Structure formats: C-alpha cells, structure tokens
Amino acid sequence: MELLVASAIGAMTAGGIYLMLRLRTFPVILGIAMLTYAVNVFLFASGRLTVGSAPVLREGVTNYADPLPQALALTAIVISFGMTAVVVMIALGSYLGSNDDHVNDPAEPDAEDRT
Amino acid sequence: MTHWIILPVMLPAMVAPFIILAARYHMSIQRVTTVASMIALIALAAGLAWQASDGTVTVYRLGDWAAPFGIVLVADKLSTMMVLLTAILGLIVSLYAIGSRWDEQGRHFHALLQFQIMGIMGAFLTGDLFNLFVFFEILLIASYGLMIHSGGNKRLRAGVQYVLFNLLGSTLFLFALAAIYAETGTLNMADLAERAQMVSADETVGLRIAAVLLILVFAVKAAVVPLHFWLPSSYAQAPGPVAALFAIMTKVGAYAIIRVYTMIFPPELEATAGLHTDWLLPAALISLALGMVGVLAAKTLDRLVAFSVIGSMGMVMTAVALFSEEAIAAALYYIIHSTLAAAALFLITDMIRQGRADLRLTAQAPVPGHLLIAGLFMTSAIAMAGLPPLSGFVGKLLILDASYASPLMPWVWSVILISSLIGIVGFARAGSTLFWKARSIETETAPEGTPPSALSAIAVGGLIALLIAHTVFAGPAYRYTAGAAAQLFAPEAYIDTVLNTPGKLSPKTEEN
Amino acid sequence: MSLFLIVALPFLGALLPGLMNSAGRAACAGVTFTITLIAFVGLLTNLPAVLAGELVTAGVPWLPGLGLNVTFMLDGLGFFFACLILGIGLLIITYARYYLAREDNMGEFFTYLLLFQGAMVGIVMSDNILLLLIFWELTSLSSFLLIGYWKHLPAGRQGARMALAVTGMGGLAMIGGMMILGNIVGSFELSVILQNKELIQASPLYLPALILILLGCFTKSAQFPFHFWLPHAMAAPTPVSAYLHSATMVKAGIFLMARMWSVLSGTPEWFILVTSAGLITMVLGAVIALFKHDLKALLAFSTVSHLGLITMLLGTGTAFGAMAAMFHILNHATFKAALFMAAGIVDHETKTRDIRILGGLRTLMPITFAITTLGALSMAGIPLLNGFLSKEMMLEEANRTALFNAPWLVPALATIGSLFSAAYCFRLIGHTFLGPVRESYPAKPHDPSIGLWGPPALLMIPVIAIGIAPFLAEPFVKLVTASVLGGEAEVPKAYFKIWHGLVPALYMSIVAVVGGLLLMIIYKPLQAGWDAVPRPEAKTIFDALVRAITSAARGFTHGLHNGAFTRYGAIFTLAVVGAGYYAYASGTVLPTTRAMSPIEIVPAAGWAMLVAATIGLMLLHRNRLMSLIMVSIVGLIVSVGFVYFSAPDLAMTQLTVDVVTLVLLLLALNFLPNRTPVESSAVLRLRDGAVAAIGGLAATAMAYHYLMRDAVETPISAFHVANSYKGGGGTNVVNVILVDFRGFDTYGEIIVLGIAALLIYALTETLLNGPVRARLLNRKPDQARAGDMHPMMMVVLTRVMMPVVLMVGFYIFLRGHNEPGGGFIAGLVVSIAVVMQYMASGLAWANARIRYPYHGVIGTGVLVAGLCGIGSWLVAKPFMTTDFTYVRIPPFNEFELATALVFDLGVFLTVVGAVMLSLESFSRLARRAHVPDTDYPMDIDPSRDDPPEPPAPQPNLKEGV
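Line by line, the protein sequences are chains G, W and D. Numbering (our numbering) for the first sequence: 1089 to 1203. Numbering (our numbering) for the second sequence: 98 to 609. Numbering (our numbering) for the third sequence: 147 to 1107.
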C-alpha cells in the first residue's frame, strides 16, 4: 500500500511539474494544483498510513490515524485554495489587460534597446 | 503571564479587520489608524527588544499548551531585533505611501499592509515550524496583493510570475515540513533541535533530506542563486513603498536560515554535517557577484535597485554561510543596514518615477526637486555600494574580518571586493546619468510630474537618518548583534525555556 | 587644539557654504576660509609638541568589536602633510573665490572642497588604519564630486567616473591589504602596527598585503600603469586641479607609503615594486608632458612624473632616499600648486589653455609670467630655487641605487627623466610667454586682480627662500624624516646646501638642463615625430574595457533573467532534486523498519484511475475544459483516498474545496481562451517531460523512504490523542487540534483566506475601473449561449435545497468538535448553497437578496476569531486558551459548549465571506462582460441569436501594443 501511495504522490508531482513548465497560465495553474494535491497527500502520509481505524475517539480504541498530519494537511488545503483563487484572479487580470496569457514575460530590456 | 509578545502579531491582525469593517470608504481614518498602529508597534517592539536585551528568552504558549504540543511564540534577542526593524520599516513605508498617495490608487492598501506586517512579525516570533509556514503564507499572500496594488499590465504580468514562483516555494515548504514530521514526529523548533540529536549516525538520510529541502525553501525567500529568479521583475514592478517593504521579506528568509541552521541543524551536528555548509557559501558568493553585475547591467533604475538587493542579500548570506559566531553577528549588523538602504533606494526610485517619463537610465530633463532627490540618492547609493562613511562600509569590514579565518577567505574577499567595485561603477554611472547629464538638457517647459511631497521626503529622510545612526552607533549596534549571535550559538537556554515551561495538562508538571 | 576638532571642523563646516549659498559668493568663500583658518591655527597649536618629538594622540572607541576606533595621532609626518593641506587650502579657497564664474554654484563647490579637506586631514592624522580607509575612500568620493562639478561637461562626468573607478579600485584593494595587516598584527592601530616590522615581514601574507596596499597607493598617486586617470581629472575647475590633483590628494598614496615605510620597506619585493614603478612613471610622465599642448595636461603629466620621482625615492628604502622624498614633496607642493594657479589665470584671461595659440604673453601678463617662470625653473631644477636641491638629492640617491643588478640603470633613467622635465619646463615658459605677441587670442589677456595672482605669488616665497637658504627647511624636513623612519634607521647627517662640490649628481643636473635646452631647439621636428608615432591612448583603452565589461554584464544578466518562467521553474525543480539527491547520496540509510501493508484491490483500482487521470491530464491539457475534468478526477480520488485511510475530515474538506475551486476555474475559463495552442517544440516538451519524470521519481522515492520508517521518537500527536477530550473537550482530535491545540495555525489560515478574498476584490475593482472595462463590455462570448440563462429545473431545485443545505451546514458546524466536520467545512457547504443560487438564479437576483456585505462577514469572522482568542486574557490565560462545559437545556440531551466553538464560528464566517466575495468578484467581471443581467430568475438570453465568435487568435502581444 505504501508503494501505491508513494507512487501516486510521484505521479501527481510529475504531472504537476510537467504542466507547470507549460507556456500559458492556465495549464501552469493546474500544474500547481496538481503539486498541491501531491504535497497534501504526502503531508497526510507523514503520519504513516492506517487503514480502517476510528476517525474519532472511541472507548477502548487505541489505534487512531495520526491526527496531527490531518490537521496540518487540512490547513494546507485551505491555504492552497486561497492561493489558487488569487493566482487565477491575477492571471485573469493580466490576460484581460494585455490579451496575452503567456507566463513568460520577456523583461524590459527589449523595450529599451531603443536607447 | 505577559501578553506583550503576541501583540506585534495581534495588533495588526485586529487593526486590519477594523479597517475593513469600519473604514473601508474613509481613507483618512485608514491612514490615521495605520500610522497610529505602526507607532504603537514600534513602542511594543522596542519594549520587547529591551526586555530581551539582557539575554532572557520569553516564551508565550498559545492556548496555554506547552511546547512541543502547542504553538509557542519565542522572543529572544534575534527575533525582537527583527521585529523592531520591521516595525520601523512599517511606519516609514506607510508614511511614504500616504505622502505619495499610493494608497489611494487601489483598494485595501492599508488592510493588506497590516496583514503583511502581521505575517512578518509572526514569522519572526514563532517557535514552531508549521506555524512559520502559515505566517509565510500570510505575508506572501498579502505581498501578492500589495505587489499588484493599482494594477497595470506590466505589474500584473510580473505579479503572475511572482505568485507562481512563490507557490512553488510554498509547495516545497510543505514537502520539507512533511519530511521533518515524518522523520522526527515534531514541529516545534526547540523539540526538533533535541530530536535531531537522536538521529543515529547510520540512518541520516531522512534528516539530511529534510534539512536540505528546508534550507532551499528559505533560500528562495532570501533570493539565493539559483532560486532568485522571482525577485528582479517583481521588485522592479512593485509600487515604490511596497518594494521598500519587501526589503524586509528577503531578510525573513535569512532570519529563518540563521535560526534553523544554528539551533536545529547546527554545523557541528554529525547527521547533517557538510550539508548546507558546503553549498551555501559558494551560492551566496555567486548571488553577490550576480547582483552587482546586474547593477552594472541594468538599463532601468528599478531593476538596478532590485539587483542591488540580490547583491546585498548575497553579502548577508555570505556572512551567514560561514556559520561562525562573529560572522553571524556581522550578518545581523548587515541585515539591518541592507534593509534600510534597500528601502531607501526603492522609495527614492519611486520619487524619480513621479517626475520622469520612465526609469530608463537615459538623460532626461531634471526631475522636480532633483537637488534633494540627488542628495538622497547619492547617500543611499553610497550606503548600498558599501562606500564609506556609511554602514555599508562598516558592515563590509565586519564581514571581511569575520571571514579572515575561513579556508575560503581568498574567494570570499576577492568576490566581495571586486563585486563592490562593480557596484560602485554601476551606481556612479546611473547617478551621473540621472542627475548630472540631466543638467545638460535644457528645458524651457517645467518638467511634468510633481516634486515629492513633504511626507515622502520625511519618510526617506528618516531612513537616511537611521542609516547614519546605524553607522555612528555601530559600536552599540554591533554589541547587540554580537549578543544575539552569542545567544544563537548557545541555544540551550532557548531550548530549555521553550520545552520546560509547563502548560495546560503538561505531562511534566501540572501548572500552578 | 584637539585633533578631533581639527579633523571635524571641515566636516562640520561643510554644511555652512551650502546653506549660505544665498548669502552670496563672498560669504561662502569667507566662511570656508575662516573654517580652514581655524583648523590651521588649531594645527599650529600642536607645533611645539611635535617639535619636541612627542606623539600627539586623541581617541574614542567606535566599533571596538571590530577594532575600528576613532583614534588620531600627530607626528612630524602627519603635521607636515596637514600643514600642506590646510595651508595650501587657504590659498586655493581665496583663488577659487575669484576664479569661479558667477553662474557656478559656489556653495556646492566649497561644501565639496571642505569635505575633501576634512577627509584629507583625516587620512594624515588617523591612527586607526580602518578609520584611515574610510577617509581614504572619502577623498575618492569628494574628488568624484569635484571633478564632475561642471555637470554639463561630458568630459567632467567621464573624468569623474574614471577617477572614481580607478581610485575606488585601489581603495578596495587597500581595504584587503590593511585588513590582512591588521590581522597579522592583531590590531588596527598604526602605533601598534609600526612596532611589528619583523612580525609583518615574516608573515606568509606579507606579499599579498604589500601588493594590495601598493595598489591603493599607486592608483591614488597616479603611478604607472594607473597614471591615466589624472590627466582626465583636469576637467575639474583649476582650483581643484591645483589642490587635489597636484598638491594634496595625489600625495595621499605617497603619504601612505611613507607612513608604512618603516614596516613595509627594506624587502626586495618592496624595493623592486616601488622603485621600478616610480622610475617608469617618472620618465613616462616627463616624456608625455613635453608633447602636451594643453597647459593643464602638461602640468598634469609633470605631476605624474614628479610623483614617480618621489615614489622611486621611497622605494630605494634608504634613509637618505626617504629624506629626499620628504624634501621634494615640500618643494613640489609649492611650485606645482603655483604653476597650476598660473595656468588657471592664463585660461581665465585668454579663455584658452592651448599652448599653440598662446605665446608672447610676457608683456601682457607680466605678473603671471614672473610666477610661472620662477615655478617652472624651480621644477626644472635650476639652482637658487628649491626644486634644484631636492632634484640633486634625488640624483645622488639614484647614483647609489642598483636595480636588477644594473648600477647604470637607475642613474640613466633618472637623468633622462630630469632632462625631459627640464625640457617641458622650458617649453612651458617659452611657448606660453616668450615669442611675439599675437593678435589671435580668444580674449584680450591682461593680469587679473590680486585675488587670483596673490595666492601663487605667496607660494613663490618658500620656492625662493628655500632655494637660497636651504638650511631653513633642514630641521623641519629632518623632523619629518625621523617620523618616517620611525627608529628603523638613523636620520642622515647630510646637510642641505646648494654647493656639494663637483659630485656626479651635479654633472647629471647639468646634462639634464643642457639636454632640455637642446630638446627645445629641435622641438618642432621632435613634435612631428611624436605625432607620427602611434601610441595607445589610455582613455580609449579604459573606455573600451568598461564598455566591454558592461556589455558582457548586460548579455549575461539579460540572458539569464529573460523572464521565461518555464526556465525558472525547470531550474527550480532541478536545483531542488539535485540538492535532495546530494543529501541522500552523502547520507547513510538502513533497511526499512515498517512492514508494507498489503495492497488491496479497491485502492489499487483507485491508484490506477489516478495515474490514468494524471497521464490524461498531461496529454489532453490543451483542451482546458478536459484538463479541468481530469484534475477533478484526481481530486476526487484523493478525497476518497483520505476516507480510506480514515481521515474523514480531510476528505470532506478536500471535496468541498474542490467543488469551489472548480466553480472558480470555470468562471475564469469563461474569459480565458479554452484551448492551449501548441507552441513548445517536441524537444522542449521532451525536456519538460524528463524534468517532470525526475521530479516524480524523487517524490516517490522520498515518500516511500519515510513511509517505510518510523519517526525517531513517538510523534507529539500522541499527546493530542491523549488530551483531546480531557483538555479540549472534543472527541474529534483533528478538530480539537485545529481549533485548540494548534488554533493559532487555523487563525492564520482564515486570515489567508480573508486576504485572498480582499485581494481578488481589490483587483476586480481595479480592473473594472481601468481600461479593461471597455474590453469586457465589448467582449462577445466565444461559446454559444444556453437558451435560458437560468434553467427552471435548476432554479426550483436549488431554492428547495437551500434551507436543507443550510441545515446540513449548521449540523456539520455543531458536531465538528466531536464528529468529523467543523466550522471550515460547514462554511464551505453553506457557501456552496449560496453559490448554487447565484448559478441558478443569476447574480443580480442573488445579490438583491444578500443582506450583509461579504467584506463585513470576513471582517467579523476574523474579529470574532481574534476576540475569542483575546478573551482568554480576561481570565489571565494565554491567547486562545479554551474552556468548555456541558449544559443541558430540556428537552435536549446534554450538550457541550466550548469557547472553541466561538472561534470555530469566526472560522465559519470568514470562510463563507471569503468564498462568496471571491466568487462574486469573478462573476462581476462576467456580468459586465455581456448583456446586463436582469433581475428575473427565469428569462431568455437575447444574445443567443448572435453567432458565436470564432476563438480569437492569440498573437503573443508585447507590452503596450
């Protein structure tokens, strides 16, 4: 099982990186989203994997899934949601402004070689 | 127990929603609130720094849960020093933003500013790694808002890259945190320091990977080559006051490296031996050189200043990477200097922007109030380029002296000296073009644009005054940073205070 | 007067002229003069002590941690130079007052001049070498400002930059040298360093230190090969040239060599480096000077040549050489400053400095003629003038010096040098003043007012006095020499006198003078020959060098930072993986300690789906809608996975977040082009694929490594599980951690959400008030519109569901503390309910029914959460300390009330507000985008009849197009 999870994390990471290296903002944002999935799973898995144990405290139950990584992952999910919303908005604004959704931004100098 | 420590975080965190709720449409109220709260912050920070100056480490248990189970804030010399620096910068930036009316050119400037300050303060004060991540995110997302404040295509396009790159950084941070928790089962820095010692010599991989991922995260913040690419465009495109505020954000990265790699993964820790120490110094030297070369290469003033920031961060990191007590002391002295100098340069750049068609380094009609601006520019350029008599020079001497014992001393010295020559040439070129050559251009019509308002001038003047003070009182300042460094290299006191302060249901001893 | 005051006076005084600019030229000059005079008198008050041979000192600690202290000392050498600086300074100030034109900003000029003066005095009086370095660089800076004083002249700007670059370079080298020196000795105080000759010369770092320090001295004193900046510094106003670039600043390097003479000299390295540099400079400068037509250029090169002479004397390392050097410094300062001022007068009166169109000024400007003649003859080494004496001593010393075991070399070169120097002196007199009067002067020449000729005239007094009665200078020069030698050697007994008998030096002098005259006779052909010979022009080389470096820097910087995020991302990934691999490879690892749990069929299937979706995403990402679906599949499986691994809270959060994110992305996609064009080449995609694969593998390996091993010690979460109920009053540990154990994280997290919403709102505002608005209004939807914007089924359904969903949200909120759920999830659920209204019934309809502005909701949420934390202060507990109790309100069962619930309420509010504000902002963009939205829930979109626009082509538009 561990192998499945690990490879799943790897797969999502790879997909994320590939999309992150695309030229337009939309795929890049999706790539970041994929990376977020990957890292959240990894964060959750940092408490090791436990199958079929009680989610909340029960009498007599001693084996619980490590709650701390869950809390951390939860926080991370929320934060990355905020981040995604923001980056989508900024990308949209930049697209609406310049009618161009390339992530690459050939910097000033080209414009200045006139001098 | 005293609640002072949390106030630098809570005050802005309370002021911001107040602004949103009560003063969303009243710029004047927002301005008054901001300035008032910033002044209060300075008072608070000064109090904390004074409290810490005798070496006491104060711990604040959130939710009354003792470390490592709950989150703690820790105030020692280093963190309070950074908090004070942030507070001062915050006041100056907000004064300038008001004086230059930047805050009117978009929504929620003041609220975002407050949140930004809150994030930075929290990052300096927290004693918990995951909480550090949360505060990083706060200061980052606020910085996104400030960076694209008042929009504009160029700014937004630069903003997209800035955000994307930092999202990569945050993702990496989470990877590192997960690795750390998986390896040690804790997140509290002091606890980590103890558990890192438990790692057996024949199973070091886990800790090493965690340590290296973490330093990379902070290296992104500190704009260390090759993770610096986010900086030039975003700092160049950010509104003047915002860029000035960003001068402290790179220092957050430096702070985190200093904190984590003196306490948790100190150079003498076998498990992580020869890990960051080998790599950081060359990278830092390259950053220094690259930054100053960029200063020489820049065709616009804003990029010039941005690259000078990379350079001076390289300088800071060079000192940090020596990981010796006096080197860290020098680094801390230089951090203060570089923050003030960079902020001043960004604000002055903005002043010039107000009075000029663009910021290209070409001869254009003198900007309004150019005598004043030229003077300010010259002073802060001298500081940034590390020429006497300002603190940049003193800091350079400190770092050179600290690296005398290092085996890489010839490299360090030649890179520092040569790159500062390049920087001097670059700044001289820019200055003489902007202010001298301009004189040769005769204009009948008064130049368009407005001279800087009194408030803006006061803000910049304040920075210059601070730089001078930092030079004149270099003795006491260095004594303080040396004290902070000494505290860092004897972390036992810190660790004991954090781990042995009992809290609610503490397994050790029940409270009261 | 205290040494502090002497050094500080010029700096403090520097403010005055600048401020008194409006008070007029006389006032500016007056106050400057007074300040300098006070400093000068103050200096003289120390004369008795110095004559008594004691060391006047003063000092306060500045940065003891480094060993940088403000300590001054005054001995013979320092006193000598300070006298030159302040004394000549007085003359220069007077001269400048009359020299500068009316339109020149005098206050600025004198401010810079005083800054320079202070720095110079600081150099010669510093005891601490780090302090000395500071003053050293300050002189470079102030000379930069003074050379560039006439800002409109390109020559001035370039000359200033060149001087700064060269001397700055030297200064930096010197920093290195001085720090090495200080670290060898263990102190940066000169008084200590000067006592440790053996220690220093024995150190392996002696040579580097020597070279670095000499670099500083040579650049400052314009020694070959760094001599070229000095002539270009002549673009400065003449008073500056006379003061900085002949009398004082260029002597700083000499001063330092003299200062360090007693510890650095006497080694072969010192002898060879210094002597040869001096010799070359002396000859080269003299030769070039002869052929310069610009008066100031001629004088500049002659200065270079004389500096070389002095350097050569210091290089020999003998006491006599040192004495000769000191004596010549004195003499050179007097006649050269005078000559510069005279040249300035000629320039001022005739409006030209070109010797070729001058000549015959003898009768027109008799006073200037007299001054120039005396000065020039002294420089040429004619008896009865002071130049002769030191020149004789130089030649005498040269005779005793054998460089590279060639006894003839030094004397020969010395003779040639003085021969040419005599020649240019004669040319200076002859071609400027003798000869027929011309008609063609640019201006009518006549002697100026005494203000201009007075100062140089005064300088002629020592020139003649010492020349006739050398014994006048002897005691003083010997005093200075004594402090140079610093007890390393005896002050030579030799007496200063005009007639030494028929010694070789005399013959060499005669050769020089006669040869000089001969050169003048055959000058014209000589000049022609000189012009014919091609020579490397220092300035062009320097400029080419700077240009090359700059363009290289540009190429590098702009090439590296080309704004290509794709490349930055690739570098980032590879850097991280590389560093991680290094950490792994250099570490140690043991076999796994945990057993792999068995793979079951369902999760395996899920895994397959996830991988398939990921691959599909990579392949189909150009179709953006499709890629969204793929991402959602991944998200779904992740959520299910969380359930499977017994993390229901996580699953619920992930699920709800995904829903909202999806809505958000769809809204964005409404504007963005819905296909990604193919732009990157196959090779590029291959590269990216490789990078991605590397990253994926690394992640897999890392995750696997940790999953199969235990933490070094029990995770802290054990405590949370143990105390969740006892201390947090909740059985859902995850929720208790979120709102209690680590509530501060959650507090930060909701603030992040709030900021995100504010940011999105602010940007929307900016866009809608900017040029973008027009584009949005004129935008035509690129997809065919649905017939009815608000399908009845959906409207009805959502409205029916609304209360239900709200109920569910409330339930989830309340149970959160003990069962999976909590404020955050509840918030998302509720906002989804509201979003459904928006989607179904339209923005206007929904907005009309929103009672509270989302800003307010966010603000309240953050405040509530914060205040709930602060509340615990009232019971003297730390921020966010929770408490809980169980109450029973019949007929309900007993239920729990925890303060954490209030905090959770804050979370809830913030989440709702944030999500809604963001989505609303997006949809406001959309709303403005096409036909204004009506208030009617169910209606027909008139725009359906418009044919859909073909997807607009995506030219890669540059900024500003």
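Ideal placement from N, C-alpha and C gives every residue a C-beta, glycine not left out. Bear in mind the structure is a predicted one, so any value in this text is a computation, not a measurement.
**OP:** Write down every uninterrupted run of the alpha helix (DSSP H) in the region 403-450 of chain W whose length is 4 residues or greater and which is fully enclosed by it, in chain order.
**Re:** none
Subject >> Beta-carbon proximity list for Thr-1055 (chain D), same chain, < 8 Å, skipping 5 on both sides >> reply: The sequence shown places Leu at residue 1055 (chain D), rather than the Thr named in the question. Answer for Leu-1055 (chain D): Gly-973, Val-1003, Ile-1004, Thr-1006, Gly-1007 and Val-1010, listed in chain order.
Subject >> Integer Cβ distance of Leu-810 (chain D) from Val-1176 (chain G), believed to fall under 8 Å >> reply: 6 Å
Original post:
What number of angstroms, rounded off, separates the C-alpha of Ala-844 (chain D) from the C-alpha of Leu-304 (chain W)?
Top reply: 16 Å
Original post:
Which chain W residues are close to Ala-1179 (chain G), counting only those with a beta carbon under 7 Å from its beta carbon?
Top reply: Val-257
Subject >> Terminal residues of the alpha helix (DSSP H) in which Phe-115 (chain W) lies >> reply: 104-119
Subject >> Minimum Cβ-Cβ distance from Ala-1164 (chain G) to chain W less than 8 Å >> reply: yes
Original post:
In or out: Asp-273 (chain D) buried (at least 16 other Cβ within 10 Å) or exposed?
Top reply: buried
**OP:** Can you give me the start and stop residues for the alpha helix (DSSP H) that Met-715 (chain D) sits inside?
**Re:** Note that residue 715 (chain D) corresponds to Gly in the displayed sequence, not to Met. Its alpha helix (DSSP H) spans residues 711-731.
**OP:** Run down chain G in chain order and give the residues with a C-beta less than 7 Å from the C-beta of Met-395 (chain D).
**Re:** Within chain G, no residue comes near Met-395 (chain D); the closest Cβ sits about 35 Å away, beyond 7 Å.
Original post:
Between the C-alpha atoms of Lys-601 (chain W) and Arg-158 (chain W), what's the straight-line distance to the nearest angstrom?
Top reply: 9 Å
**OP:** Spell out whether any CB of chain G is found under 8 Å from the CB atom of Ser-536 (chain D).
**Re:** no
**OP:** Check whether the Cβ of Leu-253 (chain W) lies closer than 8 Å to any Cβ atom in chain G.
**Re:** yes
Original post:
Where does the unbroken alpha helix (DSSP H) through Val-314 (chain W) begin, and where does it stop?
Top reply: 302-318
Subject >> Inter-residue Cα distance where the pair is Ser-289 (chain D) and Ala-355 (chain D) >> reply: 26 Å
**OP:** Quick one: list the residues of chain D neighbouring Thr-281 (chain W), beta-carbon separation under 8 Å, in chain order.
**Re:** Ala-857, Val-858 and Glu-859
Subject >> For Pro-207 (chain D), the residue or residues it bridges with in DSSP >> reply: D:Asn-215
Original post:
Which one of D:Ala-558, D:Leu-565, D:Leu-531 and D:Leu-756 has the shortest CA to CA distance from Pro-608 (chain D)?
Top reply: D:Leu-531
**OP:** Answer with yes or no whether the minimum CB distance from Ser-537 (chain W) to chain D is below 8 Å.
**Re:** yes
**OP:** Using a cut-off of 7 Å between C-beta atoms, extract the partners of Glu-1090 (chain G) located in chain C.
**Re:** In the displayed structure, chain C is absent; the protein chains listed are G, W and D.
**OP:** Using the Cα positions of Tyr-727 (chain D) and Gly-282 (chain W), report the straight-line distance between them to the nearest angstrom.
**Re:** 23 Å
Original post:
The beta strand (DSSP E) spanning Val-464 (chain W) covers which residue range?
Top reply: No beta strand (DSSP E) holds Val-464 (chain W); DSSP gives it neither H nor E.
Subject >> Pairwise C-alpha distance: Leu-905 (chain D) and His-1001 (chain D) >> reply: 11 Å
Original post:
Leu-1103 (chain D) CB to nearest chain G CB: under 8 Å?
Top reply: The pLDDT assigned to Leu-1103 (chain D) is 43, lower than 50, so where the model puts this residue is not dependable, and the model offers no usable value.
Original post:
Would Val-1191 (chain G) count as contacting chain D if we go by Cβ distances under 8 Å?
Top reply: yes
Subject >> chain D residues whose Cβ lies nearer than 7 Å to that of Trp-533 (chain W) >> reply: Gly-294, Lys-297 and Arg-303
Original post:
When the Cα of Ile-139 (chain W) is compared with those of W:Arg-128, W:Val-154, W:Ile-168 and W:Met-178, which residue comes out closest?
Top reply: W:Met-178
Subject >> Candidates W:Thr-459, W:Ala-307 and W:Ala-353, of which the one nearest Ala-418 (chain W) by Cα >> reply: W:Ala-353
Original post:
How would you label Gly-211 (chain D), buried or exposed, when you count the other beta carbons within 10 angstroms and need 16 or more for buried?
Top reply: buried
**OP:** Say whether chain D places a C-beta atom closer than 8 Å to the C-beta of Gly-1148 (chain G).
**Re:** no
**OP:** Check the Cβ-Cβ distances between Ile-1120 (chain G) and every residue of chain D, and say whether any is below 8 Å.
**Re:** no
Original post:
How would you label Asn-964 (chain D), buried or exposed, when you count the other beta carbons within 10 angstroms and need 16 or more for buried?
Top reply: buried
**OP:** State the DSSP-derived secondary structure class of Thr-1031 (chain D), mapped to helix, strand or coil.
**Re:** strand
Original post:
I think Leu-1131 (chain G) touches Leu-1160 (chain G), with their Cβ atoms under 8 Å apart; what is that distance to the nearest whole Å?
Top reply: 6 Å
Subject >> Segment contact, 8 Å Cβ cut-off, at least three pairs: the region 395-407 of chain W with the region 323-334 of chain W >> reply: yes
Original post:
With 16 as the cutoff for other CB atoms within 10 Å, does Ile-418 (chain D) come out buried or exposed?
Top reply: exposed
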